[in-house]
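J.: Numbering (our numbering), first residue to last: 112 to 512. Starting off with a structure, shown below.
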């Protein structure tokens with residue numbers, strides 16, 4: 112399972128790429144300006160024709176990652192928080208990057224047209240041009256032999272037209288059959304390329320987004336980045352169902368039953384309440400240490416450094432100064448009832464998925480040891496992966512002949 116970085120890592124990566132792109136664009140030449148040393152004879156009135164100036168080359172559109180990175184840079188330079196929509200967009204790009212690369216798109220042969228049929232008949236048409244002239248109508252008092260000859264010529268001309276149409280139709284069928292065979296061969300080659308790339312670059316069975324979303328606003332932004340869900344628009348459309356004309360059954364259901372399908376399988380929240388006090392959270396925060404050489408984080412009580420590695424314990428440093436932890440303030444902000452209510456209402460919109468009482472929310476009691484917390488999180492991840500595996504098996508069975 113891949114781990115997608117949270118807001119800080121995603122912003123930093125995109126911001127660095129956007130900054131590099133902006134610097135590269137700033138160093139590029141600004142065009143071929145005319146030189147001050149150009150001979151006077153080449154100027155206006157020298158008697159030579161002046162060509163029209165070539166239009167400037169259009170610059171390629173920047174990638175979405177660079178656009179989002181520039182927005183993150185603007186917010187950071189202004190001292191403002193990066194908008195949740197920007198962070199959510201960057202995370203969605205990171206998730207898309209987990210998929211194996213795709214082969215080049217298939218270019219199918221064009222449809223068979225009348226022009227494709229004319230080339231094979233040019234010689235025959237030239238030879239038959241004289242024969243296809245409509246026979247002259249005999250006079251009323253013409254001999255019977257002449258009238259019979261005219262009728263035979265008309266019948267022969269009709270037979271040639273029918274034979275030509277039949278041959279043309281057979282040629283069309285032959286070319287369309289060849290085109291269909293080429294399309295099938297192209298599709299088979301594309302499918303083989305996809306299978307080869309998926310075998311070479313296997314996609315992880317799932318991913319975990321660490322540290323995002325934490326608020327209802329971030330949840331809304333991430334869902335929109337993943338699935339395009341716009342709840343305000345959906346609510347507007349739902350309320351627009353006509354109540355003047357007799358509504359159909361599905362219209363009545365649209366006004367009473369609304370269910371959403373999330374792009375996420377669950378949001379795991381580590382519950383560490385601060386009532387009646389924040390002692391447990393304070394001990395967790397103040398006990399954190401980091402090894403500056405390896406970047407590995409430890410906890411003095413719950414995840415101590417290994418005793419069989421000399422020097423590790425001596426190298427450990429505080430993750431952040433005690434005065435910067437502000438544990439109680441941060442916990443009280445996190446447990447703000449208004450925000451928790453908004454977050455809970457949003458997550459409950461997805462009750463239909465997996466049938467959880469809390470919708471997407473998967474609460475895990477974080478007051479126990481780190482090992483117990485890990486086992487509970489692992490059990491939830493295993494349940495999700497097993498559910499997806501079963502769904503794929505059912506789909507494969509339904510598609511089997």
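Where is the CB? At the ideal position from N, CA and C, for every residue including glycine.
Throw me the rounded Cβ distance for the residue 424 and residue 329 pair, which I believe falls under 8 Å.
T.: Not confirmed; about 37 Å, so no contact.
J.: Taking 8 Å as the cut-off, does the CB of residue 272 come closer than this to any heavy atom belonging to the ligand FAD?
T.: Ligands displayed in this structure: none; no statement on the ligand FAD is therefore possible.
J.: Quick check on residue 378: does DSSP put it in helix, strand or coil?
T.: Three-state DSSP puts residue 378 in a strand.
J.: Please determine if the segment 204-222 and the segment 314-323 are in contact, where contact requires at least 3 C-beta pairs separated by less than 8 Å.
T.: Judged by Cβ distances under 8 Å, the segment 204-222 makes contact with the segment 314-323, as three or more pairs qualify.
J.: Less than 6 Å between C-beta atoms, sequence neighbours within five positions excluded: which residues of the same chain meet that for residue 264?
T.: Hits under 6 Å: 246.
J.: Would you say the segment 481-492 touches the segment 376-396, given that touching needs at least three Cβ pairs under 8 Å?
T.: Cβ pair count under 8 Å is three or more, so yes.
J.: Note down the Cα distance separating residue 217 from residue 296, rounded to an integer number of angstroms.
T.: Using only the alpha carbons, I get a separation of about 11 Å.
J.: Using only the alpha-carbon positions, how far apart do residue 212 and residue 308 sit?
T.: Rounded to whole angstroms, residue 212 to residue 308 spans 7 Å at the Cα level.
J.: Please report the distance separating the alpha-carbon of residue 416 from that of residue 403.
T.: Distance between the alpha carbons of residue 416 and residue 403: 13 Å.
J.: Expressed to the nearest angstrom, what Euclidean distance is found between the alpha-carbon atoms of residue 407 and residue 401?
T.: Near 6 Å, if we compare the C-alpha coordinates of residue 401 and residue 407.
J.: At what residues does the alpha helix (DSSP H) containing residue 474 begin and finish?
T.: Unbroken run through residue 474 is the beta strand (DSSP E), 472-476; no alpha helix (DSSP H).
J.: Can you name the residues that DSSP bridges to residue 71?
T.: It is not possible to answer for residue 71, since the shown part of the chain is limited to 112 through 512.
J.: Once the 5 residues before and after residue 338 are set aside, which same chain residues still bring their CB inside 8 Å of it?
T.: If we look at residue 338 and ignore the five residues flanking it on each side, its Cβ neighbours are 372, 373 and 374.
J.: Over the uninterrupted alpha helix (DSSP H) stretch that includes residue 197, give me the two end residues.
T.: Per DSSP, residue 197 belongs to the alpha helix (DSSP H) from 195-207.
J.: Can you list, in chain order, the stretches of the alpha helix (DSSP H) that have 4 or more residues and sit fully within the segment 284-342?
T.: Counting whole runs of 4 or more residues, the segment 284-342 contains the alpha helix (DSSP H) stretches 327-338.
J.: With burial defined as no fewer than 16 other Cβ atoms inside 10 Å of the residue's Cβ, what is the status of residue 150: buried or exposed?
T.: The predicted model places residue 150 with a pLDDT of 45, which falls under 50 and marks its position as unreliable; any figure quoted below should be read in that light. Answer is exposed; the Cβ neighbour count stays below 16.
J.: Helix, strand or coil for residue 429 per DSSP?
T.: It is a strand residue.
J.: Here's the rule I'm using: 16 or more other beta-carbon atoms within 10 Å means buried, otherwise exposed. How should residue 284 be labelled?
T.: It counts as exposed.
J.: Sort out for me which residues DSSP pairs residue 414 with in a bridge.
T.: Per DSSP, 410.
J.: Can you check DSSP and say which residues form a bridge with residue 401?
T.: Per DSSP, 408 and 428.
J.: Between the Cα of residue 336 and the Cα atoms of 194, 505 and 504, which residue gives the shortest distance?
T.: For residue 336, the nearest C-alpha among the options comes from 194.
J.: Could you compute how far the alpha carbon of residue 168 sits from the alpha carbon of residue 461?
T.: Each residue's alpha carbon lies about 49 Å from the other.
J.: In whole angstroms, give me the CA-to-CA distance for residue 180 and residue 323.
T.: So the alpha carbons of these two residues sit roughly 17 Å apart.
J.: Can you give me the Cβ contacts of residue 333 inside the same chain, cut-off strictly under 6 Å, excluding the 5 residues immediately before and after it?
T.: Within the same chain, residue 333 has close Cβ partners 199 and 324.
J.: Using a threshold of 9 Å, state whether the C-beta atoms of residue 478 and residue 429 are closer than that.
T.: No, Cβ-Cβ distance for residue 478 and residue 429 is not below 9 Å.
J.: In the DSSP assignment, find the alpha helix (DSSP H) that holds residue 450 and state where it starts and stops.
T.: Here the alpha helix (DSSP H) through residue 450 covers 448-459.
J.: Do residue 380 and residue 473 have their CB atoms nearer than 9 Å?
T.: It is a contact, given that the beta carbons lie within the stated cut-off.
J.: By a C-beta neighbour count over all protein chains shown, 10 Å radius and 16 as the cutoff for buried, is residue 395 buried or exposed?
T.: Buried, because 16 or more other Cβ atoms sit within 10 Å of the Cβ of residue 395.
J.: Residue 448: which of 427, 498 and 327 sits nearest, CA to CA?
T.: Ranking the options by Cα distance to residue 448, first place goes to 327.
J.: Should residue 176 be labelled buried (16 or more other beta-carbon atoms within 10 Å of its own) or exposed?
T.: Counting Cβ neighbours within 10 Å, residue 176 comes out buried, since at least 16 surround it.
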